[in-house]
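J.: Residue numbers (the numbering used here), protein chains in the order written: chain A, 856 to 1116; chain B, 25 to 792; chain C, 59 to 206.
Structure follows, in structure tokens:
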């Protein structure tokens, strides 16, 4: 269990950031996973009342504040219909309704959790991450970047484009983290992301390039699904072996590509 | 029947549902010291030195106890009939620690914070030994898990600590070797089952205090209050009369609370400090340091003639009891005694093997109690044999399985920890169960498989099972009925309601005899000072054993009422009857109401308290039977198995409360489904349990179970109360084998190691 | 530290530690219907409503709810209606997980979800080890008026 000496709830992100850099402090997003870590931190900075739970729709993009809980994807009318319900479908099976009511966008993305289904899904969409201090990143860049200093995730921006999407996962019990997940999108180009490998989601660049050069058809799909499972690194964990992940990745990529073909 | 077979809600239902304070933690004295345990980080070690000086200085810490501070009497934590068939190999605290999680020190303080702080400050030096982590290598391993000389069995159970053997057993009827030679078809297969966790949702909790008389009072979430009283007395060398154990409502047990767990630790603190104390296990502690199911391995050889007669069954087993030998012999024997009689017409049958110690989480009682392990192996093997014979697996079973009015030599030879009792199966509607199940699942249409798409196949499979109803000649329950002045009755029973509804069904039995509404029976149970003895809730005993005791007590009460009523009416007893409301003249018009009689008896005339008691110990243990049918859909590209339908058709005799009986079966099935498909157990290489929380240990969710249908066939057990047999365990036994058989029928892979994960299925498909 | 919370429509000032979770605080103040099941947010037994939405109280720091509103099963008038339906099915069993299930299900009534599949997904985080869920589902169907 994590231990704090002080628990603060700043009203603005500016205030939160000041606290974060001046103290031995940690940001509380949802708190569900942070709570389980065994550490001592002087100050907990909870963004719960910092007005970061906004969802704003613009003509070409949607802004989602970092404290928006992920059940918003199944309840907020703006988010439900985004990409024809793609994110609704992904979110709806993440853990439980109660947990989705406390797990936040920021709390999921900032720590780059490997088990995340949402990161994999957002990776195939035009998603941008806005950090308070470090500014704007694409999600893809953000996942690869090791920040030099502490920062706060302010919001994400999802651009509206005309994309076909598919999300696939394998779990044993439905009420579990995914053993492996795959997201695919197709607009001008095809994007393939693989997550819960068990490491954080990656884009399969070589395979994407192959498909963008050769087009999507049943033949290229078979080849591509084999390519992805060779391209993406997998490892063992408590849920499954590396070998199983590699095998099942092929099947999930094939299914996802067939859906967007 | 008016009250028996009534679908009434449980007496405690609304209180439980609406969150009243009824569990041990709710009822523990408010000023209880918080007790926590320092647990071993090593799988096998000896404590060389333990320094509590710094920890003791922390403000709020009241008491730290190590093995030097508590009595060292070898006991078993297993709550079983006495003398127990489990070896006495456990000490309140010991200088040896035998698994990761074993208790090293007891810390008590005013709040959780100071106790946690103290746990970190206790310095322990360990001499670390090589642990025994593979149960297949335990026998004769250079590391001896119980080297201490005090550890001993209570009677001959095949115990040999020097070889890490907690118990062993062997029996043979006829000659297996000779008969196998005569068989046309023989198969030999090996099966493994895992250390399933109970996951009762109330974590193990115990509280204790000293009352005004200086007696030790223990409130505990236990299935066995009377055994707890005896074991605590033994562990601390204090007289039984100085201990009272109260079981309030408890949040599930499933066998996991058929033992002492937290009780000795709070008792040690209360005895030392004189102060109230409580312990609430964390979920991680429940996983790592209470009980699991005994993992077992079975080598099964079956032989048959080509016309489909099963002639030989040979089951050779190995069971892993973990660091302590609780329920070691008995769970092992039940794997044979509650499966082999299913096929009672064989010419030769053998059951043999050993239960070994390892440096892992101790195994103990768990619903099914060996039967589910044996059932998975035997019922999988039966399908494999039927296939080799070219027979439909159901036709094969029907030809060979037990029928009403028959017996099996196993009943006499194999009991629990000792010989069993000879009995004829007076009620057995197994054949009807099979027929009905075939219809409900549409077997003829669906067997063996249907192709759903290029990647998905559906298959059906089935298994049959039996359990018992209490342990014959061992399990005893008693009941007391007391008449109140308004004509209501107090029913005092030692029986232990775990949430199963036993308080309610026992009241229904009393009400049926007395012809009064169940609402007029007020039940108080499971308090060693105030209720009569009962062994507790285990071995599917309550309905049958405690139920028979209640029925007898109620019959006595009825006679007493008639006797006193006759006196009041000035009539001869033979001319008087009681209809539940009135005591009346059979051939006349005189009558007195029960209420009036009860009032005058207490206050004015012929004054006395009407009280009736009875005890019951079963001379037989009539088995409930069932047939389980699974329909699964297997994804051949991912290995994922989706359970579509599970049909259970059960013969448990008359259902005293059909709603509660049905829930017992449904709940049992889902635990069995969990064992079959989801509940995987993993250890680190140095012996730490990794599946120690609900993120990693997956019990079935409501979205994992498909469509479950439970049906009861009409049946009447002449020795049971109003025709009833037990129903608590039978539901759990069939899913592992039925699902494994269905998967084989769907896609042709035979998984012989539980649980059947997508990974195992896919890897087997690829190796096919 | 002190927090001000509305619990079941009553204003309360509670003394808490900065790193205490809400579940522990609620139990300490006598809200015994909120029960500890798993410590990791997985079992759903400690479910309460925070500002009207179901959340696992074991996974929220108590300090977060300062200035917010909490409802437990005791504060839900409809809880009794659903409890009776569960009791009629015998689907309470040990009862330990029931208050959490009731809180979440009463919330679903507001959403007017009528499809059993959708309901199961919303209730997936309410685990039960006794009933096998089937009896609960019979009661839920009646309470939520599920379309068959």
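The beta carbon of each residue, even a glycine, is placed where N, CA and C say it ideally should be.
Smallest Cα separation from residue 727 of chain B: which of A/1046, A/1080, A/1106 and A/1028?
T.: The shortest Cα separation from residue 727 of chain B among A/1046, A/1080, A/1106 and A/1028 belongs to A/1028.
J.: Since residue 105 of chain B and residue 64 of chain B are thought to touch, with beta carbons under 8 angstroms apart, how far apart are those beta carbons, to the nearest angstrom?
T.: Not quite, the Cβ-Cβ distance comes to about 31 angstroms (not below 8 angstroms), so this is no contact.
J.: Use the C-beta contact count for residue 808 of chain B: other C-beta atoms within 10 angstroms, 16 or more gives buried, fewer gives exposed.
T.: In the structure as shown, chain B begins at 25 and stops at 792. Residue 808 of chain B is therefore absent and cannot be evaluated.
J.: The segment 97 to 122 of chain C: which residues have C-beta closer than 7 angstroms to a C-beta of chain A, in chain order?
T.: Answer in chain order: 98, 99, 102, 105, 111, 112, 113, 114, 117, 118, 119, 121 and 122.
J.: Which residues share a DSSP beta bridge with residue 196 of chain B?
T.: B/374, per the DSSP bridge assignment.
J.: Can the beta-carbon of residue 289 of chain B be found less than 8 angstroms from the beta-carbon of residue 59 of chain B?
T.: Yes, these two residues count as a Cβ contact at 8 angstroms.
J.: At the level of alpha carbons, what is the spacing between residue 863 of chain A and residue 896 of chain A?
T.: C-alpha separation (whole angstroms): 12 angstroms.
J.: Taking DSSP as the reference, what is the three-state secondary structure of residue 522 of chain B?
T.: Three-state DSSP puts residue 522 of chain B in coil, outside helix and strand.
J.: What is the C-beta distance between residue 85 of chain B and residue 148 of chain B, in whole angstroms, given that I count them as a contact (C-beta under 8 angstroms)?
T.: No, residue 85 of chain B and residue 148 of chain B are not in contact; Cβ-Cβ is about 17 angstroms, not under 8 angstroms.
J.: Anything in chain A within Cβ reach of residue 728 of chain B, meaning under 8 angstroms, just list it in chain order.
T.: Under the 8 angstroms cutoff, chain A gives 1028, 1029 and 1030.
J.: Got a sec: which bits of the segment 891 to 923 of chain A sit with their beta carbon under 8 angstroms from any beta carbon on chain C, in order along the chain?
T.: Those would be 891, 899, 901, 903 and 904, in chain order.
J.: Just to confirm, is the Cβ distance from residue 1036 of chain A to residue 975 of chain A under 8 angstroms?
T.: Going by C-beta atoms, residue 1036 of chain A is nearer than 8 angstroms to residue 975 of chain A.
J.: Does residue 867 of chain A pass the burial test, meaning 16 or more other C-beta atoms within 10 Å, or should it be called exposed?
T.: Result: exposed.
J.: Identify every residue that forms a DSSP beta bridge with residue 325 of chain B.
T.: Bridge partners of residue 325 of chain B: B/212 and B/338.
J.: Cα-Cα, which of C/128, C/127, C/82 and C/153 is closest to residue 272 of chain B?
T.: The candidate whose alpha carbon is nearest that of residue 272 of chain B is C/153.
J.: Using the rule of at least 16 other Cβ atoms within 10 Å of the residue's Cβ for burial, across every protein chain shown, is residue 565 of chain B buried or exposed?
T.: Buried, because 16 or more other Cβ atoms sit within 10 Å of the Cβ of residue 565 of chain B.
J.: Report all residues from its chain with a CB closer than 7 angstroms to the CB of residue 193 of chain C; omit the five preceding and five following residues, and keep chain order.
T.: Here the set comprises 147, 148 and 149.
J.: Which residues mark the beginning and the end of the beta strand (DSSP E) in which residue 415 of chain B is found?
T.: From DSSP, residue 415 of chain B is part of no beta strand (DSSP E); its letter is neither H nor E.
J.: I need the straight-line Cα distance from residue 341 of chain B to residue 205 of chain B, nearest angstrom please.
T.: Straight-line Cα distance between these residues: approximately 22 angstroms.
J.: Quick one: list the residues of chain D neighbouring residue 40 of chain B, beta-carbon separation under 7 angstroms, in chain order.
T.: The displayed structure is made up of protein chains A, B and C, and chain D is not among them.
J.: Look up residue 617 of chain B in the DSSP assignment and give the residues it is bridged to.
T.: Looking at the DSSP assignment, residue 617 of chain B forms a beta bridge with B/606.
J.: Starting from residue 858 of chain A, trace the beta strand (DSSP E) both ways and give me its first and last residue.
T.: Taken as a continuous stretch (DSSP letters only), the beta strand (DSSP E) holding residue 858 of chain A covers 858 to 863.
J.: Give the straight-line distance between the Cα atoms of residue 134 of chain C and residue 174 of chain C, rounded to the nearest whole angstrom.
T.: Going by the C-alpha atoms only, they are around 23 angstroms apart.
J.: Rounded to whole angstroms, what's the CA-CA distance from residue 139 of chain B to residue 78 of chain B? Just pull it up for me.
T.: Each residue's alpha carbon lies about 12 angstroms from the other.
J.: Measure the C-alpha to C-alpha separation of residue 456 of chain B and residue 490 of chain B and round it to an integer number of angstroms.
T.: Going by the C-alpha atoms only, they are around 14 angstroms apart.
J.: Nearest to residue 98 of chain B by CA position, among B/55, B/180 and B/259, is which residue?
T.: The residue with the shortest Cα to Cα distance from residue 98 of chain B is B/259.
J.: Considering only heavy atoms of the ligand ZN, does any lie closer than 7 angstroms to the CB of residue 250 of chain B?
T.: As far as ligands go, the structure on display features none, and thus does not contain the ligand ZN.
J.: Taking only the alpha-carbon atoms, compute the straight-line gap between residue 890 of chain A and residue 856 of chain A and give it to the nearest angstrom.
T.: When rounded, the distance between both Cα atoms is 6 angstroms.
J.: Please report the residue range of the alpha helix (DSSP H) in which residue 973 of chain A lies.
T.: Note, residue 973 of chain A: alpha helix (DSSP H), 972 to 978.
J.: Use the C-beta contact count for residue 237 of chain B: other C-beta atoms within 10 angstroms, 16 or more gives buried, fewer gives exposed.
T.: Label assigned to residue 237 of chain B: exposed.
J.: I believe residue 539 of chain B touches residue 591 of chain B by the beta-carbon criterion, under 8 angstroms. Please report the beta-carbon distance rounded to the nearest angstrom.
T.: So it is not a contact: roughly 20 angstroms between Cβ atoms.
J.: Can you list, in chain order, the stretches of the beta strand (DSSP E) that have 3 or more residues and sit fully within the segment 118 to 180 of chain B?
T.: Fully enclosed beta strand (DSSP E) runs of 3 or longer: 127 to 133 and 147 to 152.
J.: Going by other Cβ atoms of all chains shown within 10 Å of its Cβ, with 16 needed for buried, is residue 708 of chain B buried or exposed?
T.: By the 10 Å Cβ count, residue 708 of chain B comes out exposed.
J.: Just to confirm my understanding: we take residue 329 of chain B, look at its own chain, exclude 5 residues before and 5 after, and list those with CB closer than 7 angstroms. What are they?
T.: 207, 208 and 335, listed in sequence order.
J.: Whose C-beta lies closer than 7 angstroms to the C-beta of residue 188 of chain B among residues of the same chain, with five residues either side of it excluded?
T.: Within the same chain, residue 188 of chain B has close Cβ partners 156, 162, 163, 165, 168, 169, 380 and 381.
J.: Between residue 1087 of chain A and residue 1051 of chain A, what straight-line distance do the alpha-carbon atoms span, to the nearest angstrom?
T.: Going by the C-alpha atoms only, they are around 11 angstroms apart.
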